[in-house]
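*Asks:*
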Amino acid sequence: MPPIVSVRVAQLASELGARILGSGEVTVTAALPFDRAGANCVTFIGDAKHLRKIGECQAAACLVPESAQGQLPAEGPTVWLLVADPLDAFIKTLRRFRPERQRAAIGVSPQAYVSPKAKIGPNTNIYPGAFIDDGAEVGSGCDIHSGVTIGRDCQIGNDCTLHPRVTLYDDVWVGDRVTIHAGAVIGADGFGYRFRNHRFEKIPQMGHVRVEQDCEIGANTTIDRGMIGPTIIGEGSKLDNLVMIGHNCELGKHNVFVSQVGLAGSVTTGDYVRLAGQVGVADHLHLGTGSTVGAKSGVHKNVPEGETQVGYPALPEQEAFKVAMATVKLPEMRKTVRDLVQRVEAIEAATLAESRKAG
Amino acid sequence: MPPIVSVRVAQLASELGARILGSGEVTVTAALPFDRAGANCVTFIGDAKHLRKIGECQAAACLVPESAQGQLPAEGPTVWLLVADPLDAFIKTLRRFRPERQRAAIGVSPQAYVSPKAKIGPNTNIYPGAFIDDGAEVGSGCDIHSGVTIGRDCQIGNDCTLHPRVTLYDDVWVGDRVTIHAGAVIGADGFGYRFRNHRFEKIPQMGHVRVEQDCEIGANTTIDRGMIGPTIIGEGSKLDNLVMIGHNCELGKHNVFVSQVGLAGSVTTGDYVRLAGQVGVADHLHLGTGSTVGAKSGVHKNVPEGETQVGYPALPEQEAFKVAMATVKLPEMRKTVRDLVQRVEAIEAATLAESRKAG
Amino acid sequence: MPPIVSVRVAQLASELGARILGSGEVTVTAALPFDRAGANCVTFIGDAKHLRKIGECQAAACLVPESAQGQLPAEGPTVWLLVADPLDAFIKTLRRFRPERQRAAIGVSPQAYVSPKAKIGPNTNIYPGAFIDDGAEVGSGCDIHSGVTIGRDCQIGNDCTLHPRVTLYDDVWVGDRVTIHAGAVIGADGFGYRFRNHRFEKIPQMGHVRVEQDCEIGANTTIDRGMIGPTIIGEGSKLDNLVMIGHNCELGKHNVFVSQVGLAGSVTTGDYVRLAGQVGVADHLHLGTGSTVGAKSGVHKNVPEGETQVGYPALPEQEAFKVAMATVKLPEMRKTVRDLVQRVEAIEAATLAESRKAG
Numbered sequence: 049m050p051p052i053v054s055v056r057v058a059q060l061a062s063e064l065g066a067r068i069l070g071s072g073e074v075t076v077t078a079a080l081p082f083d084r085a086g087a088n089c090v091t092f093i094g095d096a097k098h099l100r101k102i103g104e105c106q107a108a109a110c111l112v113p114e115s116a117q118g119q120l121p122a123e124g125p126t127v128w129l130l131v132a133d134p135l136d137a138f139i140k141t142l143r144r145f146r147p148e149r150q151r152a153a154i155g156v157s158p159q160a161y162v163s164p165k166a167k168i169g170p171n172t173n174i175y176p177g178a179f180i181d182d183g184a185e186v187g188s189g190c191d192i193h194s195g196v197t198i199g200r201d202c203q204i205g206n207d208c209t210l211h212p213r214v215t216l217y218d219d220v221w222v223g224d225r226v227t228i229h230a231g232a233v234i235g236a237d238g239f240g241y242r243f244r245n246h247r248f249e250k251i252p253q254m255g256h257v258r259v260e261q262d263c264e265i266g267a268n269t270t271i272d273r274g275m276i277g278p279t280i281i282g283e284g285s286k287l288d289n290l291v292m293i294g295h296n297c298e299l300g301k302h303n304v305f306v307s308q309v310g311l312a313g314s315v316t317t318g319d320y321v322r323l324a325g326q327v328g329v330a331d332h333l334h335l336g337t338g339s340t341v342g343a344k345s346g347v348h349k350n351v352p353e354g355e356t357q358v359g360y361p362a363l364p365e366q367e368a369f370k371v372a373m374a375t376v377k378l379p380e381m382r383k384t385v386r387d388l389v390q391r392v393e394a395i396e397a398a399t400l401a402e403s404r405k406a407g
Numbered sequence: 049m050p051p052i053v054s055v056r057v058a059q060l061a062s063e064l065g066a067r068i069l070g071s072g073e074v075t076v077t078a079a080l081p082f083d084r085a086g087a088n089c090v091t092f093i094g095d096a097k098h099l100r101k102i103g104e105c106q107a108a109a110c111l112v113p114e115s116a117q118g119q120l121p122a123e124g125p126t127v128w129l130l131v132a133d134p135l136d137a138f139i140k141t142l143r144r145f146r147p148e149r150q151r152a153a154i155g156v157s158p159q160a161y162v163s164p165k166a167k168i169g170p171n172t173n174i175y176p177g178a179f180i181d182d183g184a185e186v187g188s189g190c191d192i193h194s195g196v197t198i199g200r201d202c203q204i205g206n207d208c209t210l211h212p213r214v215t216l217y218d219d220v221w222v223g224d225r226v227t228i229h230a231g232a233v234i235g236a237d238g239f240g241y242r243f244r245n246h247r248f249e250k251i252p253q254m255g256h257v258r259v260e261q262d263c264e265i266g267a268n269t270t271i272d273r274g275m276i277g278p279t280i281i282g283e284g285s286k287l288d289n290l291v292m293i294g295h296n297c298e299l300g301k302h303n304v305f306v307s308q309v310g311l312a313g314s315v316t317t318g319d320y321v322r323l324a325g326q327v328g329v330a331d332h333l334h335l336g337t338g339s340t341v342g343a344k345s346g347v348h349k350n351v352p353e354g355e356t357q358v359g360y361p362a363l364p365e366q367e368a369f370k371v372a373m374a375t376v377k378l379p380e381m382r383k384t385v386r387d388l389v390q391r392v393e394a395i396e397a398a399t400l401a402e403s404r405k406a407g
Numbered sequence: 049m050p051p052i053v054s055v056r057v058a059q060l061a062s063e064l065g066a067r068i069l070g071s072g073e074v075t076v077t078a079a080l081p082f083d084r085a086g087a088n089c090v091t092f093i094g095d096a097k098h099l100r101k102i103g104e105c106q107a108a109a110c111l112v113p114e115s116a117q118g119q120l121p122a123e124g125p126t127v128w129l130l131v132a133d134p135l136d137a138f139i140k141t142l143r144r145f146r147p148e149r150q151r152a153a154i155g156v157s158p159q160a161y162v163s164p165k166a167k168i169g170p171n172t173n174i175y176p177g178a179f180i181d182d183g184a185e186v187g188s189g190c191d192i193h194s195g196v197t198i199g200r201d202c203q204i205g206n207d208c209t210l211h212p213r214v215t216l217y218d219d220v221w222v223g224d225r226v227t228i229h230a231g232a233v234i235g236a237d238g239f240g241y242r243f244r245n246h247r248f249e250k251i252p253q254m255g256h257v258r259v260e261q262d263c264e265i266g267a268n269t270t271i272d273r274g275m276i277g278p279t280i281i282g283e284g285s286k287l288d289n290l291v292m293i294g295h296n297c298e299l300g301k302h303n304v305f306v307s308q309v310g311l312a313g314s315v316t317t318g319d320y321v322r323l324a325g326q327v328g329v330a331d332h333l334h335l336g337t338g339s340t341v342g343a344k345s346g347v348h349k350n351v352p353e354g355e356t357q358v359g360y361p362a363l364p365e366q367e368a369f370k371v372a373m374a375t376v377k378l379p380e381m382r383k384t385v386r387d388l389v390q391r392v393e394a395i396e397a398a399t400l401a402e403s404r405k406a407g
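Residue numbers (our numbering), protein chains in the order written: chain F, 49 to 407; chain G, 49 to 407; chain H, 49 to 407.
#1: Do you know offhand how far R258 of chain H's Cα is from D272 of chain F's?
#2: Could you spell out where the beta strand (DSSP E) holding Q357 of chain H opens and where it closes?
#3: Comparing the C-beta of Y217 of chain H with each C-beta of chain F, is any distance below 8 Å?
#4: Would you call M292 of chain G buried or exposed, if buried means 16 or more other Cβ atoms sit within 10 Å of its Cβ?
#5: Measuring only the C-alpha atoms, how far is G313 of chain H from G177 of chain G?
#6: For V327 of chain H and V315 of chain H, which I take to be in contact (beta-carbon distance under 8 Å), what is that distance rounded to the nearest angstrom?
#7: Hey, P79 of chain H and L130 of chain H are a contact pair by Cβ (cut 8 Å); roughly how many whole angstroms apart?
#8: Just to make sure I have the definition right: I need the residues of chain G whose C-beta is within less than 7 Å of the C-beta of F248 of chain H. Which are they?
#9: Tell whether a beta-carbon distance below 8 Å holds between K377 of chain F and Y360 of chain G.
#10: Rounded to a whole number of angstroms, what is the C-alpha to C-alpha distance between N296 of chain H and H98 of chain F?
#11: With 8 Å set as the bound, which would you pick, yes or no: does the beta-carbon of N206 of chain H sit closer than that to a beta-carbon of chain F?
#12: How many Å lie between P134 of chain H and C89 of chain H at the Cα?
#13: How about S339 of chain H and V329 of chain H: do their beta carbons lie closer than 8 Å?
#14: How long is the line joining the alpha carbons of M49 of chain F and G282 of chain G, rounded to whole angstroms?
#15: Using the DSSP secondary-structure output, state which residues sit across from F248 of chain H in a beta bridge.
#16: Could you check whether the Cβ of K370 of chain H sits closer than 8 Å to any Cβ belonging to chain G?
#17: With 8 Å set as the bound, which would you pick, yes or no: does the beta-carbon of I174 of chain H sit closer than that to a beta-carbon of chain G?
#18: Assuming I52 of chain F is part of the beta strand (DSSP E), what are its boundary residues?
#19: Residues of chain H with a CB under 7 Å from the CB of L388 of chain F: which are they?
#20: Would you say L299 of chain H lies against chain B (beta-carbon separation less than 8 Å)?
#21: Along the chain, where does the beta strand (DSSP E) containing V131 of chain G start, and where does it finish?
#22: Could you compute how far the alpha carbon of W47 of chain G sits from the alpha carbon of D181 of chain G?
#23: Would T279 of chain G count as contacting chain F if we go by Cβ distances under 8 Å?
Have a look at this one:
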């Protein structure tokens with residue numbers, strides 16, 4: 049356990065450039081989320097919509113947006129710290145109470161295997177149990193953790209972190225400042241077979257994978273190599289845990305895919321595409337720039353630029369909402385229809401009787 | 049292959065405290081499930097509802113519940129063993145034919161890396177290729193298998209098993225008698241970004257993970273660290289393979305999540321919550337104590353205590369069942385509605401003609 | 049980067065037994081997919097249905113099916129190579145430009161741990177960081193990559209590849225020519241508990257796993273061991289990444305499961321069963337030989353031989369299609385029904401007024 053840090057609120061305010069409403073003489077020893085923050089804590093309210101719970105604040109000090117000034121309770125245990133960006137200020141505060149650990153400086157561990165034909169940049173740590181094969185190149189300032197495998201002729205940029213047990217197959221290209229979380233597998237063979245002579249015959253997967261700069265790849269996520277060309281994860285994209293990217297997919301820049309998303313082969317995306325958890329996308333589709341797909345949806349058609357889709361099958365949001373509403377009301381509608389059938393039958397019978405009388 | 053064990057049924061009955069119906073002089077050499085058990089085997093029927101297939105029994109001996117006595121066929125190849133708890137008795141029988149392997153006693157392997165600043169309890173095995181970082185503490189009687197990584201300042205209780213390639217990031221806390229299966233990743237960064245300057249900026253994930261006593265975590269499951277505080281897996285909870293637990297989630301005690309379940313961030317649960325396979329739960333929801341969610345459901349609202357929900361979107365079971373029934377019958381209902389439209393049009397036309405005549 | 053290879057098209061044609069339409073004197077230096085192939089490239093069109101885009105071909109040479117002869121544009125930059133099987137010919141061409149890497153010949157690495165009670169066949173590579181436990185047997189011609197764990201008494205056939213970080217628990221049986229991709233976990237405990245004394249008590253999982261010859265298992269896929277007997281992956285079956293196979297499942301031959309599929313316990317399948325991505329199958333079901341299930345479907349009943357099912361819940365394809373169509377049109381139908389209700393009310397009111405008048 050790290051030593052306990054205590055800070056006067058006035059000191060904190062001065063460091064954060066915050067305006068104080070209340071006494072700066074209180075001392076705080078921890079930074080915690082709103083619901084957990086008690087008498088010795090500093091906390092925060094990130095935005096206007098969370099201000100409604102401000103009366104319940106139990107913390108000694110609370111970072112709030114400047115715009116909140118008129119709405120702060122005059123009484124209560126809390127000193128208010130007005131800042132432009134409460135989340136940002138809170139992150140700085142957290143760092144103050146829990147300073148980031150220093151990077152280890154172990155260099156190339158003698159318990160790692162590094163091929164004599166591999167190149168390792170300066171200021172890079174290769175932990176025990178890592179395995180770096182012939183022709184691989186790792187840039188400077190990288191952390192290659194325990195049990196990582198880097199295949200033949202891979203190229204890793206500068207300032208990358210590969211967490212424990214990451215596996216890169218041969219020929220994977222990774223840009224600068226990429227983080228890959230534990231257990232992720234990049235460059236395994238795509239799932240391609242031909243059905244011949246009553247069995248599935250493997251189609252060789254001779255492509256590679258390209259993970260561009262500033263990407264973050266989640267734990268146990270898998271990204272398959274292209275069959276002929278590359279599978280591409282565009283610059284700045286973030287993939288959560290247990291995501292599957294099929295062979296030949298090409299993602300644009302700044303895509304965000306939540307956990308357990310699955311893309312079949314040869315899907316392409318524009319920039320700023322957002323997929324919520326457990327979404328599945330069929331092969332060879334295109335998701336346009338700025339498009340969004342809701343959780344658990346099944347996408348089986350191209351998604352136009354800027355459109356939000358939801359559902360299984362996925363439909364444009366408004367439409368999907370109407371379908372979902374109508375679906376939930378189906379049992380009621382079924383009764384209405386049965387009732388109508390009876391009423392129409394009654395009318396028909398009456399009309400028939402009438403016309404017989406008349407006849 | 050282990051040597052074949054043969055046992056007289058009378059001997060088995062005596063060990064299990066079973067009452068024999070038939071001859072105890074038969075010898076059995078294997079314990080197999082009902083459908084696979086032949087002439088030299090002992091098998092079992094776990095409960096009353098499986099008794100209907102009792103006439104098909106081919107085994108030499110069969111463990112049955114005491115309550116079954118009146119329903120046992122008088123003829124046939126099988127000796128009946130009446131016990132209070134047939135599954136329990138069968139597990140003991142299995143152990144007799146296939147004795148559990150002894151724990152290895154390898155201590156701390158010289159092919160593992162254990163930081164001089166880590167502490168390892170007595171009677172704990174650290175296998176080759178494990179990596180234990182500064183400040184980590186492992187209790188007594190643990191098996192830390194090959195390729196496991198235990199990050200800085202982690203604390204592992206007593207009698208824990210970490211199967212091969214388990215990765216614990218820094219600051220993970222694990223209670224006594226916890227089993228974590230191969231490839232699980234505990235404590236990777238939560239998936240938190242802010243969108244600023246046209247890119248996704250990482251929000252530091254400074255929390256930790258707490259896995260309480262008697263939990264079992266499945267293979268390749270991932271549990272992210274909290275952003276500020278902990279992600280908690282409550283005492284006695286069981287997570288299957290490939291499950292995803294997002295950051296800040298707090299699970300109560302004795303939860304059971306089947307494989308490929310995904311919880312978004314900040315979900316909380318009561319005790320005894322059961323989620324079937326591939327369920328997804330949206331962020332910040334609460335699943336009440338004793339609630340259950342059916343396979344592949346998508347939960348987007350709190351689930352009340354004790355309630356069972358199913359579907360996408362998830363609804364209370366009865367309601368979901370009616371919606372599903374009505375959905376399957378939709379094409380039929382569509383025809384009925386079309387037919388009604390025509391009939392109503394016909395009536396309207398007739399009425400109009402009538403009123404014209406009358407007019 | 050490998051050296052650039054250049055080949056005359058006439059030479060290529062002769063090697064492939066292709067008939068040339070155009071000049072064989074052109075030189076090509078790369079083989080790329082149709083959409084990416086430019087002036088110095090050879091590409092291919094696999095089958096008749098892709099011939100419609102043939103006019104857009106920018107490649108120097110294009111492999112086409114012999115049947116396409118009448119449909120080839122006379123003008124344009126492309127020389128046509130007619131072959132019986134364009135994909136096959138293209139794969140050979142790819143190999144010519146990017147020769148396969150030679151297998152390493154490292155034998156048993158001194159940085160691996162191999163139990164003195166294990167047996168390793170001739171011409172097998174055991175990479176650094178691999179761990180092979182007591183009683184395990186590995187055949188000849190295998191590649192056991194870095195960080196692989198092979199448990200006690202496992203048996204691996206000949207010519208198998210276990211990619212980095214594969215974990216086999218004790219007693220796993222693997223046939224000849226099996227490929228297992230990185231991070232896959234075979235033989236972890238099945239998910240079986242009894243609820244007793246207010247907690248979930250583990251049911252010991254004493255079975256094993258059998259992966260038959262010519263199977264391929266995807267990255268980070270998990271296959272649990274049987275409770276009593278085996279979990280079986282039948283000959284020639286192919287499982288993609290992040291697939292979950294529960295305990296006691298028995299797959300027939302030549303099954304193909306796309307990524308993120310999940311089978312609950314005790315599912316059995318015939319031969320040639322195909323499951324698309326993210327399908328879930330409930331426990332104890334049987335999927336008949338030649339059956340197919342569409343992406344993201346939830347299967348909760350047996351699937352008959354040869355049948356294709358889709359949906360959540362899964363239905364026979366034609367039925368599912370009608371339900372999906374009707375579901376999408378639900379909001380419209382809801383309007384129709386409301387409208388009908390009003391019209392019928394109007395008719396009823398009119399009829400009532402009429403009968404009063406008459407009365």
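Glycine residues also receive a C-beta, built at the ideal position from the N, C-alpha and C atoms.
*Replies:* Reading it off the structure:
#1: 26 Å
#2: 356-358
#3: no
#4: buried
#5: 32 Å
#6: Their Cβ separation, rounded to whole angstroms, is 11 Å, which puts V327 of chain H and V315 of chain H out of contact at 8 Å.
#7: According to the sequence provided, residue 79 of chain H is Ala. The question's Pro does not apply to it. Not really, about 17 Å apart at Cβ, beyond 8 Å.
#8: Ordered by position in chain G, the residues that pass the 7 Å Cβ test against F248 of chain H are G284, K286, H302, V304.
#9: no
#10: Those two C-alpha atoms are separated by around 49 Å.
#11: no
#12: Spanning the two alpha carbons is a distance of roughly 15 Å.
#13: no
#14: Since pLDDT at M49 of chain F reaches only 49, below the 50 mark, its modelled position is unreliable, and no value is offered.
#15: H:F243
#16: Yes, contact with chain G.
#17: no
#18: Here I52 of chain F belongs to no beta strand (DSSP E), and DSSP marks it neither H nor E.
#19: Simply L388, V389, V392.
#20: This model lacks chain B altogether, as its protein chains are F, G and H.
#21: 127-131
#22: What is shown of chain G runs 49 to 407, which leaves residue 47 of chain G out entirely.
#23: no
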